[in-house]
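**Q** Can you keep this structure in mind? I'll have questions shortly.
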Amino acid sequence: MKLITAIIQPDRLDHVREALIQADITRITVSRVTGHGRQEDIEIYRGQKIAPNLIPKIRLDIAVNNEFVDITVDTIISAASHGVGEIGDGKIFITPLEECIRIRTRERGGKAI
Numbered sequence: 008m009k010l011i012t013a014i015i016q017p018d019r020l021d022h023v024r025e026a027l028i029q030a031d032i033t034r035i036t037v038s039r040v041t042g043h044g045r046q047e048d049i050e051i052y053r054g055q056k057i058a059p060n061l062i063p064k065i066r067l068d069i070a071v072n073n074e075f076v077d078i079t080v081d082t083i084i085s086a087a088s089h090g091v092g093e094i095g096d097g098k099i100f101i102t103p104l105e106e107c108i109r110i111r112t113r114e115r116g117g118k119a120i
């Protein structure tokens, strides 16, 4: 099992969500977050550089079984990018998921996802 975390532009959320549903990935968690990476907009105020503003982003967390990792990642990449890709399109992180437990049924592992 893997936990896929994607940070995307807010205007791409509907595209990504619809593409994931088409790929039979229907269980996602969406959070509104702020941050910055290479998309910095360094400003100079009175001759001094000031820290870049935090930019609104969307964070998707998706727990998947191993056979769905590539499908999920490919779907997010194709739906989240702006054309040929631009700075700020986002990032995807894949981390091992040690355990998953469905509270209602107490199922564990891949069945709980």
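Numbered continuously in my numbering, the sequence shown closes out at residue 120. Think of the CB as a built atom: it goes at the ideal place given N, C-alpha and C, for glycine as much as any other residue.
1. In the DSSP assignment, find the alpha helix (DSSP H) that holds R24 and state where it starts and stops.
2. What does a CB cutoff of less than 6 angstroms around P63 pick up in its chain, not counting 5 residues either side in sequence?
3. Quick check: what's the CA-CA separation for F100 versus A13?
4. With a 10 Å radius around its C-beta and 16 neighbouring C-beta atoms as the bar for buried, classify R34 as buried or exposed.
5. At the level of alpha carbons, what is the spacing between N72 and R113?
6. At 4 residues or longer, what runs of the alpha helix (DSSP H) sit wholly inside the stretch 58-101?
7. What are the residues that DSSP puts in a beta bridge with A13?
8. Can you check whether the CB of L10 is closer than 8 angstroms to the CB of A70?
9. If I'm right that R66 touches S38 with Cβ under 8 angstroms, what's the distance once you round it to whole angstroms?
10. Do you know whose CA, among E105, T79, G44, lies nearest G97's CA?
**A** Result, derived from the coordinates:
1. 20-29
2. P17, T41
3. 6 angstroms
4. exposed
5. 18 angstroms
6. 76-87
7. L67, I99
8. yes
9. 4 angstroms
10. G44
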